[in-house]
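Worksheet: the structure to be examined is printed underneath.
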Amino acid sequence: MAKADFNVPELGESIEVPAIKEGSMAHSSPFVAKPQFQEALGFKGEIGENWKEDTLEAMGDLLGKYRSLQVYMDICVKCGACTDKCHYFLGTSDPLNMPVGRQDLMRKVYRRYFTFAGKFFGKLGIPGFVGAADLERDMLDEWYSYYHQCSECRRCSVFCPYGIDTAEITMAGREILARIGMGQKYDNEIIGKVYTIGNNLGLPERALADTLEGLEEDIEDDTGVQVKLPLDKKGADILLVTPSADFFAEPHVDGLMGYAKVFHEAGVSWTLSSYASEAANFGMFIGSYKNMREISLRIRKAALELGVKRIIFGECGHAWRVAYSFLNTLAGPFDFLDQKYPIPQHILEFTWGEIQKGTLNIDKSLNDDMTLTFHDSCNVARASRMGDKPGGQFVIPRNVIKAVCNNFVDMDPDTIHEKTFCCGGGGGLLTDDLMEVRVKGAMPRMQALNEVTQESGVTHMAAICAICKSQFTKILPYYGMTMDQIVSVHQLVSNALILSGQEDTDSDDEDDVA
Amino acid sequence: MPIEVDGKVLETDEEGYLANINDWVPGVADVMSKEDDLELTDEHWDIINFLREYYEEYQIAPAVRVLTKAVGKKLGKDKGNSKYLYGLFPYGPGKQACRYAGLPKPTGCV
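In the order they appear, the protein sequences are chains A and B.
So for the first sequence, our numbering puts the first residue at 1; every next one is plus one.
So for the second sequence, our numbering puts the first residue at 1; every next one is plus one.
Below, the structure is given as structure tokens:
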């Protein structure tokens with residue numbers, strides 16, 4: 001079904017480092033946000049005459065606020081370790097998609113206006129002598145293009161001997177652009193919907209209630225057991241915050257039904273919130289602390305109003321980074337929650353806990369039609385943790401999969417755990433106007449998947465991020481695979497979980513993994 | 001790029017979705033599908049009409065499962081799945097069918 005007006009990379013025997021093709025992705029640029037969406041987030045409506053002053057002012061502000069940004073601008077020694085680590089470079093051959101190339105777009109401006117050497121040689125008219133450059137208008141278009149060819153996945157930072165995090169540079173680049181009137185349509189319209197409706201999709205309360213009711217019916221049809229998906233239930237113990245894609249898309253929704261079944265069997269009381277019906281925090285994608293904080297505060301408010309004791313996050317990669325790493329400073333203190341439990345907790349931690357306690361009646365053979373592999377989502381892998389041991393974010397999802405499936409094979413070790421490749425659609429790039437960069441950037445992951453398919457008969461790949469799931473649904477067909485090969489981890493749990501009082505599981509002969 | 005339907009010029013956004021949902025007339029779906037080289041059959045119209053009814057009630061496109069369930073109920077269980085819908089609308093029921101129906105594009109992590 002997938003038609004492409006660009007060349008889809010061919011999968012070979014292994015991931016090869018391509019010869020560079022300068023400017024090969026210079027045409028890629030997402031739609032710019034319209035003034036009303038810009039202004040709604042507190043940004044300038046559109047770029048004006050004073051673009052140069054605006055840019056340097058925003059950059060100076062960020063350099064003052066974030067010491068990390070200034071350090072990253074200063075310390076690169078051009079060692080080259082990062083050059084072949086970015087999936088977008090591997091898939092596009094464009095040298096500005098090498099992490100150092102992407103960093104230098106900003107670094108040369110930083111040197112020119114914020115270092116003594118750059119100011120000195122700049123005044124002499126030879127800023128290039130110290131790697132500096134005068135800020136020109138077309139450089140902002142170049143920033144806009146290449147800072148939207150980075151998914152902020154941080155793989156390069158694992159290999160940088162100085163630990164330079166290109167994601168933070170991309171975030172700064174996007175924040176500067178947004179402030180001067182060049183925000184991205186996809187990200188900014190979505191943040192606007194969170195403020196006006198409560199979630200990225202713009203799913204109003206009534207539609208959400210209707211959708212959840214439909215899911216309750218589906219579970220009852222399948223199992224004969226009434227499993228509730230409560231909304232805005234005051235006094236529940238647990239607030240589940242999950243990406244709105246879980247209500248809307250496949251295979252996400254199969255995961256949501258899995259969470260509901262696990263909660264049901266664990267015998268806990270839980271609820272969703274219509275006000276905080278979104279886990280994903282696009283404020284992080286555009287580097288905007290202010291927006292990231294406002295979105296996070298919605299979760300705090302919902303938790304207080306509903307009077308819950310615990311907050312659990314559903315399968316959502318970037319949400320978990322914000323939740324695990326920043327929620328307490330953005331929206332804390334969470335002293336009103338039960339301190340016996342992790343604040344916040346990941347749904348996989350919860351499910352793994354129940355599996356260990358033996359609360360769940362699992363029949364692994366119900367997943368025997370599949371051989372699974374697991375895609376570590378970038379922000380879970382490199383920016384968070386699960387459980388109480390280092391590396392828990394790698395171990396716990398695999399433990400849960402192995403507890404509910406007989407057939408599991410890992411991909412090439414250079415492409416998993418902290419070295420995982422991004423799906424290609426993370427960090428605010430999951431939009432149709434960036435399809436070329438999404439398809440090309442998915443190449444390394446597709447390559448690794450193809451290898452285990454050929455060698456070990458892997459049929460499906462599980463993930464724990466809404467973006468990964470949507471991206472792969474779209475991208476797999478470009479590489480000759482099928483959209484239903486991507487599954488939710490809790491979908492696997494749901495398949496294998498026999499509910500107390502459940503009727504014969506073979507009564508429904510339809511395989512619903514569509 | 002605006003489209004011309006029944007002699008009227010209608011505004012669309014960068015991605016070809018109607019700028020104003022109230023501009024929709026059945027001719028919109030005809031014109032858009034022609035551009036995609038897709039011939040609309042009664043099966044397509046069943047989906048387009050359902051999308052419009054749902055939107056009118058809930059102000060959002062239906063979730064994939066809501067849509068497949070409704071289609072399954074109306075047209076038989078064998079048709080209540082994503083495969084059937086992608087067969088009709090190769091670019092995806094959410095995106096292609098919504099566009100023909102004049103609905104805003106569902107965006108988010110989908």
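For every residue, glycine included, the Cβ atom is placed at its ideal position computed from N, Cα and C.
Predicted model only: the values in this text are computed from it and were never measured.
Open item on the list: Considering Cα atoms alone, identify which of A:D232, A:A260 and A:K185 is closest to E594 of chain A.
Closed with: No answer is possible for residue 594 of chain A: it lies beyond the span of chain A, which begins at 1 and ends at 514.
TODO: Could you pull the start and end residues of the alpha helix (DSSP H) that R293 of chain A belongs to?
DONE: Where R293 of chain A is concerned, the enclosing alpha helix (DSSP H) stretches over Y289 to L306.
TODO: Out of A:D210, A:D134 and A:I191, state which residue places its alpha-carbon closest to the alpha-carbon of L201 of chain A.
DONE: Comparing Cα-Cα distances from L201 of chain A to each of A:D210, A:D134 and A:I191, the minimum goes to A:I191.
Task: E15 of chain B at chain A interface by Cβ criterion, 8 Å - done: At least one CB of chain A lies nearer than 8 Å to the CB of E15 of chain B.
Task: C-beta contact flag for M106 of chain A and I47 of chain A at 8 Å - done: Going by C-beta atoms, M106 of chain A is not nearer than 8 Å to I47 of chain A.
Open item on the list: Nearest by alpha-carbon distance to L51 of chain B: which of B:L38, B:L85, B:G76 and B:K34 is it?
Closed with: Across the set B:L38, B:L85, B:G76 and B:K34, the C-alpha of B:L85 shows the shortest separation from the C-alpha of L51 of chain B.
Task: Below-8 Å beta-carbon distance, D509 of chain A vs any chain B residue - done: Below a pLDDT of 50, predicted positions are generally treated as unreliable, and D509 of chain A, at 47, falls in that range; no measurement from the model is reported.
- [ ] Decide yes or no for the touch test of the stretch 13-28 of chain B against the stretch 158-168 of chain A: beta carbon pairs closer than 8 Å, at least 3 of them.
- [x] Not touching, per the Cβ criterion.
Task: 8 Å Cβ cut-off: residues of chain A touching S33 of chain B - done: For S33 of chain B, no chain A residue has a Cβ inside 8 Å of its Cβ, as the nearest lies near 16 Å away.
- [ ] With DSSP as the reference, label S507 of chain A as helix, strand or coil.
- [x] With a pLDDT of 46 at S507 of chain A, under the threshold of 50, the modelled position of this residue cannot be trusted; read the value that follows with caution. Residue state, collapsed to three classes: helix.
Open item on the list: For the pair the stretch 223-233 of chain A and the stretch 484-501 of chain A, tell me if three or more CB-CB distances fall below 8 Å.
Closed with: The stretch 223-233 of chain A is in contact with the stretch 484-501 of chain A.
TODO: Just grab the DSSP bridge partners of K8 of chain B for me.
DONE: K8 of chain B is bridged to B:V5.
- [ ] Sort B:G80, B:Y55 and B:K74 by Cα distance to R65 of chain B and report the nearest one.
- [x] Nearest C-alpha to R65 of chain B: B:G80.
- [ ] Could you tell me which residues DSSP puts in a beta bridge with R310 of chain A?
- [x] A:I238.
TODO: Please decide whether N200 of chain A counts as near chain B, where near means a Cβ-Cβ distance under 8 Å.
DONE: With 8 Å as the cut-off, N200 of chain A counts as an interface residue toward chain B.
TODO: Give a yes or no on whether the minimum CB-CB distance between I516 of chain A and chain B is below 8 Å.
DONE: Shown here, chain A extends from 1 to 514; a query on residue 516 of chain A therefore has no answer.
Task: Any C-beta of chain B under 8 Å from that of F248 of chain A - done: Taking Cβ atoms only, chain B reaches closer than 8 Å to F248 of chain A, which makes this a yes.
Task: The beta strand (DSSP E) enclosing T359 of chain A, as first and last residue numbers - done: Note, T359 of chain A: premise wrong, no beta strand (DSSP E); not H, not E.
Task: Under 7 Å from the C-beta of P243 of chain A: neighbouring residues of chain B - done: Here the neighbours are C109.
TODO: Give a yes or no on whether 8 Å exceeds the smallest Cβ distance from R321 of chain A to chain B.
DONE: For R321 of chain A, the nearest beta carbon of chain B is not closer than 8 Å to its own beta carbon.
TODO: Spell out whether any CB of chain A is found under 8 Å from the CB atom of R65 of chain B.
DONE: For R65 of chain B, the answer is yes, since a Cβ of chain A falls inside 8 Å of its Cβ.
TODO: Buried or exposed for V262 of chain A, please, with buried defined as at least 16 other CB atoms from any protein chain shown within 10 angstroms of its CB.
DONE: Classification for V262 of chain A: buried.
- [ ] Take the Cβ of P161 of chain A as the centre, count every other Cβ of all protein chains shown within 10 Å, and call the residue buried at 16 or more, exposed below.
- [x] It is exposed - the Cβ of P161 of chain A has fewer than 16 other Cβ atoms within 10 Å.
Task: Collapsed DSSP secondary structure at A514 of chain A in the structure displayed - done: For A514 of chain A, the predicted structure reports a pLDDT of 40, less than 50, and the residue's modelled location is therefore unreliable. The matter cannot be settled from this model.
TODO: Please confirm if the stretch 420-432 of chain A is in contact with the stretch 375-383 of chain A, defined as three or more CB-CB distances below 8 Å between the two stretches.
DONE: Touching, yes, given that three or more Cβ pairs across the two stretches are closer than 8 Å.
Open item on the list: For F313 of chain A and K357 of chain A, what's the separation of their Cα atoms in angstroms?
Closed with: In a straight line, the C-alpha of F313 of chain A is about 20 Å away from that of K357 of chain A.
Open item on the list: Give me, in chain order, the residues of the same chain whose beta-carbon lies closer than 7 Å to that of S296 of chain A; leave out the 5 immediate sequence neighbours on both sides.
Closed with: Cβ within range, chain order: N281, V322, L327, L330 and A331.
Task: For M1 of chain A, the three-state DSSP class (helix, strand or coil) - done: Reliability fails at M1 of chain A, whose pLDDT of 41 lies under 50, so the model's placement of it is uncertain and no value is given.
Open item on the list: Measuring only the C-alpha atoms, how far is L369 of chain A from P477 of chain A?
Closed with: The sequence given here places Asp at residue 369 of chain A; Leu does not occur at that position. Their Cα atoms are separated by approximately 21 Å.
Task: Span of the beta strand (DSSP E), counted from its first residue to its last, around M529 of chain A - done: Examination of residue 529 of chain A is not possible in this model, given that chain A is present from 1 through 514 alone.
TODO: Please classify S33 of chain B: does DSSP put it in a helix, a strand, or coil?
DONE: S33 of chain B falls in the helix class under three-state DSSP.
Open item on the list: So P251 of chain A and I486 of chain A are supposed to be a Cβ contact under 8 Å. How far apart are they, rounded?
Closed with: Taking the Cβ atoms as the reference, P251 of chain A lies roughly 6 Å from I486 of chain A, within the contact range of under 8 Å.
Open item on the list: Quick check on the burial criterion: 16 or more other C-beta atoms within 10 angstroms. Buried or exposed for Y195 of chain A?
Closed with: The residue in question, Y195 of chain A, is exposed, as its Cβ has fewer than 16 Cβ neighbours within 10 Å.
Open item on the list: Residues of chain B with CB closer than 9 Å to the CB of P204 of chain A, please, in chain order.
Closed with: The CB of P204 of chain A comes closer than 9 Å to the CB of Y58, Q59 and I60 in chain B, given here in chain order.
Task: Beta-carbon proximity of G426 of chain A to G317 of chain A, cut-off 8 Å - done: The Cβ atoms of G426 of chain A and G317 of chain A sit closer than 8 Å to each other.
Task: Three-state secondary structure assigned by DSSP to H460 of chain A - done: It is a strand residue.
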